[in-house]
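Engineer: Sending over a structure as structure tokens; questions will come in a sec.
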Amino acid sequence: MMIPSLILIKTDKKQRYFLTFRKALVIGTGKESDFIVNHPFLHDNSQTLAVNAPRKGMGKNGGENIDRGKVRWSTDVPGLQIRCRSLKLPVLLAAVSLLAAILLALVLEAVRGGSSAQDWSAIPLPAREAYGFCRQDHNHRDGILYSFEAEAAEPHDITFVPGGEGDGSTLSLSVNQNPPLNSIKLPEGWGMKRVVRIPAKMIQVGENTIEFRRFSQLPDTNGWGVKEVESIRTVERPMDQAAVRQTLEGANNLLKEQVLDGPDLGRLYGILNKISIPNHLPELSSMKNSVLDMVHNRMIEILQETTFQIRSARIMGDEETAGKLAARTRDWIPEEWEEGWRILNGF
4 MMIPSLILIK TDKKQRYFLT FRKALVIGTG KESDFIVNHP FLHDNSQTLA
54 VNAPRKGMGK NGGENIDRGK VRWSTDVPGL QIRCRSLKLP VLLAAVSLLA
104 AILLALVLEA VRGGSSAQDW SAIPLPAREA YGFCRQDHNH RDGILYSFEA
154 EAAEPHDITF VPGGEGDGST LSLSVNQNPP LNSIKLPEGW GMKRVVRIPA
204 KMIQVGENTI EFRRFSQLPD TNGWGVKEVE SIRTVERPMD QAAVRQTLEG
254 ANNLLKEQVL DGPDLGRLYG ILNKISIPNH LPELSSMKNS VLDMVHNRMI
304 EILQETTFQI RSARIMGDEE TAGKLAARTR DWIPEEWEEG WRILNGF
């Protein structure tokens, strides 16, 4: 393998560097020169410079040949300076560093779980273990396929805990190769348990498949996964429209009077989210959404007041009061209300 050398040619007016793989260089003003330097010293003769192999070079004044067999070589005349330095050691160090990096990458890949090939074989439910592209599993880079048996075409709830790196990636869920039901933003670390209702029309008697897919604009090596995945059969009962309307009207009146505290609002938020209103009742659905918005806004107000009190207590050095306020707040924030948890954990 040829070892490169670095050549410095410096005159009164300029300085230039050259990288060469050649064993000898001729510096002068003629056509045969490897490098042409406009300098009076070179008008009558040229300077032969040995690089990597023993060669004959001319003296400073074009006199007797001198053996320049060393890797390093230099010459100086008034107004002209030539330096040669072999890059043998830097190249060797770079090659060793590259080899070490490759070996380290192979070791890390083995430690992290080896193969990262995509596996689309179905995993039967329930599945408590974590799957995806995470510390526990490297075989589901793009998605995960689960399966479960259904005795009848009835609604099912799919529960799972998502995890990610907080990089903006999203996770979609589809049933029996139908279009995705919804997409969620993957949290940083393992998030809260999610519940997705699968309508009866998507369930088939016998085997059913649930497919999770991750979508991201970033490199696919970013970690993600799901765990504690389970399919639960649910029974839909006819909705009592009068009872639902009464519940919504009562909640609306209490919210306008502002008599509900944090725990009351947390319970009401959970109750409203469990009310499923069919599409053919748009008036009732609009009423539910309006009440939910009021509950949400009031919870935000209370949470902001509480986080201000926690911050003030900590500034005053009263960690005991701050801890009690934070603990009471955690008790009433609904598990599925991610915005509330972000506010509390990020103040």
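Going by our numbering, the residue at position 84 of the sequence shown is 87; the numbering climbs one at a time, nothing skipped. Glycine residues also receive a C-beta, built at the ideal position from the N, C-alpha and C atoms. Keep in mind the model is a prediction, meaning the values are calculated, not measured.
Could you check what DSSP says for PHE311 in three-state terms: helix, strand or coil?
Structural biologist: Position 308 of the sequence shown, counted from the first residue, corresponds to residue 311. Helix.
Engineer: Go through its chain and collect everything with a Cβ distance to GLY116's Cβ below 6 Å, but skip five positions before and after it.
Structural biologist: On the sequence shown, position 113 is the one that residue 116 refers to. Per-residue confidence for GLY116 stands at a pLDDT of 45, beneath the threshold of 50, marking its modelled position as unreliable; no derived number is given.
Engineer: Give me the DSSP bridge partner(s) of ARG216.
Structural biologist: What you label residue 216 is simply residue 213 of the sequence shown in a count that begins at 1. Paired residues: GLY146 and SER175.
Engineer: With DSSP as the reference, identify every bridge partner of ILE280, one or two as the case may be.
Structural biologist: Counting from one through the sequence shown, the residue named residue 280 turns up at place 277. Answer is none; ILE280 lacks a bridge partner.
Engineer: DSSP beta-bridge partners for TRP227?
Structural biologist: Numbered from its first residue, the sequence shown carries residue 227 at position 224. BP columns for TRP227 point to PHE136.
Engineer: Closest to ILE187 by C-alpha separation, out of GLN180, LEU174, GLY33 and VAL198, would be which residue?
Structural biologist: The count along the sequence shown starts at 1 and reaches residue 187 at position 184. Checked all of GLN180, LEU174, GLY33 and VAL198; the closest Cα to ILE187 is LEU174.
Engineer: Over what stretch of residues does the alpha helix (DSSP H) that includes ILE346 continue unbroken?
Structural biologist: In the sequence shown, counting from the first residue as 1, residue 346 sits at position 343. Run containing ILE346: 341 to 349, per the alpha helix (DSSP H) assignment.
Engineer: Have a look at ILE147 and TYR134 and give me their C-alpha separation to the nearest angstrom.
Structural biologist: Within the sequence shown, numbered from 1, the residue matching residue 147 stands at position 144. Within the sequence shown, numbered from 1, the residue matching residue 134 stands at position 131. Their Cα atoms are separated by approximately 7 Å.
Engineer: Going by the beta-carbon positions, is the gap between ASN276 and PRO202 smaller than 9 Å?
Structural biologist: The residue you call residue 276 lines up with position 273 of the sequence shown. The residue you call residue 202 lines up with position 199 of the sequence shown. Cβ atoms of ASN276 and PRO202: not closer than 9 Å.
Engineer: If you run the structure through DSSP and keep just helix, strand and coil, what is GLU67?
Structural biologist: By 1-based counting over the sequence shown, the position of residue 67 is 64. Residue confidence for GLU67 is low, a pLDDT of 35 falling below 50, so the modelled location carries little weight; the figure read from the coordinates is stated next. Three-state result, GLU67: coil.
Engineer: So VAL298 packs on LEU258, CB below 8 Å; how close in whole Å?
Structural biologist: Working through the sequence shown from its first residue, we reach residue 298 at position 295. Working through the sequence shown from its first residue, we reach residue 258 at position 255. About 7 Å separates the two Cβ atoms, so the contact holds.
Engineer: Jot down the residue ranges of each uninterrupted alpha helix (DSSP H) in the segment 240 to 302, minimum 4 residues, whole runs only, in chain order.
Structural biologist: Complete alpha helix (DSSP H) runs here, min 4: 244 to 260 and 265 to 277.
Engineer: Assuming contact is defined by CB atoms lying nearer than 9 Å, are LEU83 and ILE12 in contact in what I supplied?
Structural biologist: Your numbering for residue 83 matches position 80 in the sequence shown. Your numbering for residue 12 matches position 9 in the sequence shown. Cβ atoms of LEU83 and ILE12: closer than 9 Å.
Engineer: For the alpha helix (DSSP H) that TRP335 lies in, which residues bound it at each end?
Structural biologist: Within the sequence shown, residue 335 is the residue found at index 332, counting from 1. Counting along the chain, the alpha helix (DSSP H) containing TRP335 begins and ends at 322 to 335.
Engineer: My output table needs one value for LYS16: the three-state DSSP class, helix, strand or coil.
Structural biologist: Stepping through the sequence shown from its first residue, residue 16 is reached at position 13. Three-state result, LYS16: coil.
Engineer: What are the boundary residues of the beta strand (DSSP E) that GLN84 is part of?
Structural biologist: Stepping through the sequence shown from its first residue, residue 84 is reached at position 81. 83 to 89 is the extent of the beta strand (DSSP E) around GLN84.
Engineer: If we count Cβ pairs, one from each stretch, closer than 8 Å, do we get three or more for the segment 239 to 255 versus the segment 166 to 180?
Structural biologist: Touching, no, given that fewer than three Cβ pairs across the two stretches are closer than 8 Å.
Engineer: Inspect the beta-carbon positions of ILE85 and ILE30 and report whether they are closer than 9 Å.
Structural biologist: Within the sequence shown, the letter at position 82 stands for residue 85. Within the sequence shown, the letter at position 27 stands for residue 30. Yes; because the gap between Cβ atoms is below 9 Å, this pair is in contact.
Engineer: Beta-carbon within less than 8 Å of MET195's beta-carbon, same chain only, minus the 5 sequence neighbours each way: which residues are those?
Structural biologist: Numbered from its first residue, the sequence shown carries residue 195 at position 192. If we look at MET195 and ignore the five residues flanking it on each side, its Cβ neighbours are VAL164, GLU338, GLU339, GLU341 and TRP344.
Engineer: Tell me whether LEU128 sits in a helix, a strand or coil according to DSSP, three-state version.
Structural biologist: Reading the sequence shown from its first residue, position 125 is the one you call residue 128. Coil.
Engineer: What do you get for THR309, buried or exposed, if any count of 16 or more other CB atoms within 10 angstroms of its CB means buried?
Structural biologist: Locating residue 309 in the sequence shown gives position 306, counting from the first residue. THR309 should be labelled buried.
Engineer: Quick check: what's the CA-CA separation for ARG333 versus GLU304?
Structural biologist: Translated into the one-based positions of the sequence shown, residue 333 becomes position 330. Translated into the one-based positions of the sequence shown, residue 304 becomes position 301. If you take the alpha carbons of ARG333 and GLU304, they lie about 15 Å apart.
Engineer: If you drop the 5 nearest sequence neighbours on each side, which residues of the same chain put their C-beta closer than 6 Å to that of ARG197?
Structural biologist: In the sequence shown, the residue the question calls residue 197 occupies position 194. Same-chain partners within the cutoff: PHE163.
Engineer: If you compare alpha carbons, which of THR212, SER8 and VAL199 is closest to SER124?
Structural biologist: The count along the sequence shown starts at 1 and reaches residue 124 at position 121. Checking every option, the nearest Cα to that of SER124 belongs to THR212.
Engineer: Are the CB atoms of LEU176 and GLU214 within a distance shorter than 9 Å?
Structural biologist: Along the sequence shown, read from residue 1 onward, the residue named residue 214 stands at position 211. Along the sequence shown, read from residue 1 onward, the residue named residue 176 stands at position 173. Contact flag set, yes.
Engineer: Relative to the C-alpha of ARG216, which candidate in GLY228, VAL208, ILE206 and GLN207 has its C-alpha closest?
Structural biologist: As a first step, residue 216 is located in the sequence shown; it is residue number 213 there, counting from the start. Taking only the C-alpha atoms, the option nearest ARG216 is GLY228.
Engineer: Would you mind stating whether LEU268 and ARG301 have Cβ atoms separated by less than 9 Å?
Structural biologist: Here the question's residue 268 lines up with position 265 in the sequence shown. Here the question's residue 301 lines up with position 298 in the sequence shown. Taking 9 Å as the Cβ cut-off, LEU268 and ARG301 qualify as a contacting pair.
Engineer: Using the Cα positions of ARG144 and GLU152, report the straight-line distance between them to the nearest angstrom.
Structural biologist: Counting from 1 along the sequence shown, the entry for residue 144 is found at position 141. Counting from 1 along the sequence shown, the entry for residue 152 is found at position 149. Cα to Cα, ARG144 sits roughly 26 Å from GLU152.
Engineer: Which value, in whole angstroms, describes the spacing of the CA atoms of GLU323 and GLY349?
Structural biologist: Counting from 1 along the sequence shown, the entry for residue 323 is found at position 320. Counting from 1 along the sequence shown, the entry for residue 349 is found at position 346. For GLU323 and GLY349, the distance between alpha carbons rounds to 19 Å.
Engineer: So, for ALA156: in the same chain, excluding its five sequence neighbours on each side, which residues have a beta-carbon less than 7 Å away from its beta-carbon?
Structural biologist: Stepping through the sequence shown from its first residue, residue 156 is reached at position 153. Here the set comprises ALA203, ILE206, GLN207 and VAL208.
Engineer: Going by DSSP in three states, ILE318 sits in which element: helix, strand or coil?
Structural biologist: Along the sequence shown, read from residue 1 onward, the residue named residue 318 stands at position 315. Looking at ILE318 - three-state DSSP - the assignment turns out to be helix.
Engineer: Using CA coordinates, which residue listed in LEU287, ASP264, LEU52 and GLN139 is at the minimum distance from ASP243?
Structural biologist: Numbered from its first residue, the sequence shown carries residue 243 at position 240. Here the closest residue by C-alpha is LEU287.
Engineer: Can you tell which of ARG248, ALA330 and ARG331 has its C-alpha closest to the C-alpha of ASN292?
Structural biologist: The residue given as residue 292 occupies position 289 in the sequence shown. The shortest C-alpha separation from ASN292 is found at ARG248.
Engineer: With distances taken from CA atoms, which of SER172, ILE235 and GLY226 is nearest GLN220?
Structural biologist: Within the sequence shown, residue 220 is the residue found at index 217, counting from 1. Closest option to GLN220, Cα to Cα, is SER172.
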